[in-house]
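Only one structure is covered here, and it is reproduced in the block below.
There are 4 protein chains.
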Amino acid sequence: MTERPVFIAVIGSASCDEPVAALAREVGQEIGRRGAVLVCGGRGGVMEAACQGAKARGGVTVGILPGADRREANRYVDIPVVTGLGEARNAVVVRSADAVIAVSGGYGTLSEIGLALKMGRPVVGLGTWELCQQGRPAAAIIRADTPLQAVEQAISLARMDTGEEK
Amino acid sequence: MTERPVFIAVIGSASCDEPVAALAREVGQEIGRRGAVLVCGGRGGVMEAACQGAKARGGVTVGILPGADRREANRYVDIPVVTGLGEARNAVVVRSADAVIAVSGGYGTLSEIGLALKMGRPVVGLGTWELCQQGRPAAAIIRADTPLQAVEQAISLARMDTGEEK
Amino acid sequence: MTERPVFIAVIGSASCDEPVAALAREVGQEIGRRGAVLVCGGRGGVMEAACQGAKARGGVTVGILPGADRREANRYVDIPVVTGLGEARNAVVVRSADAVIAVSGGYGTLSEIGLALKMGRPVVGLGTWELCQQGRPAAAIIRADTPLQAVEQAISLARMDTGEEK
Amino acid sequence: MTERPVFIAVIGSASCDEPVAALAREVGQEIGRRGAVLVCGGRGGVMEAACQGAKARGGVTVGILPGADRREANRYVDIPVVTGLGEARNAVVVRSADAVIAVSGGYGTLSEIGLALKMGRPVVGLGTWELCQQGRPAAAIIRADTPLQAVEQAISLARMDTGEEK
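Protein chains in written order, with the working numbering: chain A, 1081 to 1246; chain B, 1081 to 1246; chain C, 1081 to 1246; chain D, 1081 to 1246.
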């Protein structure tokens, strides 16, 4: 077999407005044209836009679904993984990736950010949650200004990472 | 059977310093003496201190463990649930509770806060994460100043809640 | 804390006829009056009958539910654990027990028998599945003729067991 | 996007002798050359042999791993899904497939057979467990005599199946 590709998770809400979808699409495109595999929760919104972008650049997309029905996957998912685990599937999305890009996002995304940081996965943020403790911003999320920057950082961190756990 | 008790999850790090442990212990005591069931991740630190407090007041404690070995439970857990699910067990901790109290905490706690908010469980915070989006604080976590206040708010929110999902 | 009690899982179908329910009820009674904790999937049929029996003898019952709604628990469950994991919760039921008693049962029960044997939990069967490989019966399930015998065997095996994994 | 391919799970032990591996390899080859996606638990033995066969015929392989480390995957897995769920990942393997082929196998395989039947996935068996209830063989597992026959049956059943749940 050839060398394993890098796996990048894109996390964000299952519904979003068009500017956020445009960001996610561009993130997907940059992932796709670098030959990285896009991992996501497989549903609509940010996940669908990212998958669409990846497919437009010949990428491979994996959708790790919360429900018990494969038809829940958006139409740009190549490999639907049907977990039936509900929100507990968030841990599987994050664990299956070398690095994570959060695009905007709600509470589900917040939980995935927490899980990723806990598991030692680098998290790059595009307009996503900001974290503080005792009034001071926490440095955990790496801020990116553009989709291109986000993907470059995520892939470079994914390659550096030789963490034991993964 | 008699009426079901209220279930309160206490979340926080598996290791913590004594001031945080003291807070958690007091949270546990207040839960225990109100006859609520304390649900937690079953391990050390905040979880152990909270269980210890609850047992000191005659409470019942449930520890939902990440690993495959029951002996991972702290010695104040009455009912160890051995999931073997790793971090995915965080979703089970939160889903099994009517309301959640976060005491300080790290990334695992952050993930549980995200999951709780996603599932519609009220989250009361004692010196825990603060969340912002686009530079503005998010109102999602209810701040408490003391363990007593935290438990009173959590129990009162738990009783009010008649959410469909739960 | 006092010594931890023994945890016995009772597995079987979520709906069953009265003779099977009567067996399950008696299994629950024998568990309850020995002070063991009854663990089950928390739903109807065999699970409900076993919980009813345990409660009638002052036992404690834990119901590890597949769905996201606590109200799915039968009314004899003291501690509902709300997993939202679907069938994947079967692994949690079995892992949380020192020994397993299968009462009749369908495919879900079969999966729990497989998981229990894989995890090294002793399985005692009352009118449940029989397993063969290459035409020869497999000895894995310990047959019992009565609920009393099933519970005595399960508790005695649970006490003997000092397996690493648990 | 083009039409979704059929997903076939191959289940069996993580270690096996050469005759069983040869069967699994041939099953993988037949899956691969029909353009179906092979889903498995991602580890050694039957899983590795099946993946090797599929790759030799240009197929795509998905490995749904129990542990937290991607390097646990055998080298013929294209898409490693790192669940960290332990044995609970068996439910994800089976749910992600349209039909299941069991090759020989131990207790883990038995649990997957139970889960598949519970979820309404057709199960084709090659020298695997036989099930009886009350002394009578249960018809649930479809017996195949050769890998070719197993794959033809699995794919034809997968295509027929329009079950609600999936």
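Quick reminder that beta carbons are idealized off the backbone N, C-alpha and C, glycines included.
- Scanning the segment 1086 to 1123 of chain B from its first residue to its last, the whole alpha helix (DSSP H) runs of 4-plus residues come out as 1098 to 1113.
- Separation of the CB atoms of VAL1174 (chain B) and MET1127 (chain B) is rounded to 14 Å, and the pair is thereby denied contact status at 8 Å.
- The residues GLY1092, SER1093 and THR1208, in chain order, have a CB closer than 6 Å to that of GLY1185 (chain B) in the same chain once the five nearest residues on each side in sequence are set aside.
- Around the Cβ of SER1176 (chain B), a 10 Å sphere holds 16 or more other Cβ atoms; the residue is buried.
- When secondary structure is reduced to three states using DSSP, ARG1169 (chain B) falls in the helix class.
- Residue state for GLU1192 (chain A) is assigned as helix, using DSSP reduced to three classes.
- With a threshold of 16 other beta carbon atoms within 10 Å, ASP1097 (chain C) falls short and is exposed.
- Counting the other CB atoms within 10 Å of its CB gives PRO1099 (chain A) a total below 16, which places it among the exposed residues.
- Partner residues in a beta bridge of PRO1146 (chain A), as assigned by DSSP, do not exist.
- The beta carbon of LYS1135 (chain A) sits closer than 6 Å to the beta carbons of TYR1156 from its chain, once the five residues preceding and following it are set aside; these are given in chain order.
- Among the residues of the segment 1195 to 1210 of chain B, those with a Cβ less than 9 Å away from any Cβ of chain A are LEU1195, ALA1196, LEU1197, LYS1198, MET1199, GLY1207, THR1208, TRP1209 and GLU1210, in the order of the chain.
- Your pair LEU1145 (chain C) and GLY1122 (chain C) checks out as a contact, with CB atoms roughly 4 Å apart and the cut at 8 Å.
- Residue contact with chain A for ALA1148 (chain D): present (Cβ-Cβ distance below 8 Å to some residue of chain A).
- In this structure, the straight-line span from the alpha carbon of GLY1188 (chain A) to that of LEU1197 (chain B) is close to 8 Å.
- Minimum Cα-Cα distance from ASP1178 (chain A) among the listed residues D:GLY1215, D:PRO1160, D:THR1141 and D:ARG1216 corresponds to D:PRO1160.
- Residues of the segment 1154 to 1173 of chain C that bring their beta carbon within less than 9 Å of a beta carbon in chain A comprise THR1163, GLY1164, LEU1165, GLY1166, GLU1167 and ALA1168, in sequence order.
- The C-alpha of VAL1180 (chain A) is placed about 36 Å away from the C-alpha of ILE1235 (chain B).
- Sequence-distant partners of ARG1137 (chain A) (beyond 5 residues in either direction) whose C-beta falls short of 7 Å from its own C-beta, in its chain, are GLN1109, GLY1112 and ARG1113.
- Looking at C:LEU1165, C:GLU1106 and C:ILE1222, the one whose alpha-carbon comes closest to that of GLY1205 (chain C) is C:ILE1222.
- At a cut-off of 8 Å between C-beta atoms, GLY1188 (chain B) counts as an interface residue with respect to chain A.
- For GLU1232 (chain D), the enclosing alpha helix (DSSP H) covers residues 1227 to 1240.
- The Cβ neighbour count for GLN1214 (chain A), taken over all protein chains shown within 10 Å, is under 16; the residue is labelled exposed.
- At a Cβ-Cβ threshold of 8 Å, CYS1131 (chain C) and GLU1210 (chain D) do not count as neighbours.
- In this structure, the beta-carbon distance from ALA1238 (chain B) to VAL1086 (chain B) falls below 8 Å.
- Distance from the CA of GLY1125 (chain A) to the CA of ASP1225 (chain A), rounded to the nearest whole angstrom, comes to 20 Å.
- The Cβ atoms of ALA1148 (chain A) and GLY1164 (chain C) lie no closer than 8 Å to each other.
- When rounded, the separation of the alpha-carbon atoms in VAL1162 (chain D) and ILE1088 (chain A) is 13 Å.
- VAL1117 (chain D) places its beta carbon less than 8 Å from that of VAL1140 (chain D).
- DSSP lists A:LEU1118 as the bridge partner or partners of THR1141 (chain A).
- Contact of GLN1229 (chain B) with chain A is not assigned, every C-beta pair being separated by 8 Å or more.
- Around the CB of PRO1227 (chain C), 16 or more other CB atoms lie within 10 Å, so the residue is classed as buried.
- Apart from the 5 residues on each side of it in sequence, ARG1150 (chain C) sits with its Cβ closer than 6 Å to the Cβ of PRO1160 and VAL1162 in its chain, given in chain order.
- Taking 8 Å as the cut-off, the Cβ atoms of LEU1195 (chain C) and SER1191 (chain D) count as close.
- For ILE1144 (chain C), at least one C-beta of chain B is nearer than 8 Å to its own C-beta.
- Residue environment analysis places MET1240 (chain C) among the exposed positions, since fewer than 16 neighbouring C-beta atoms fall within 10 angstroms of its C-beta.
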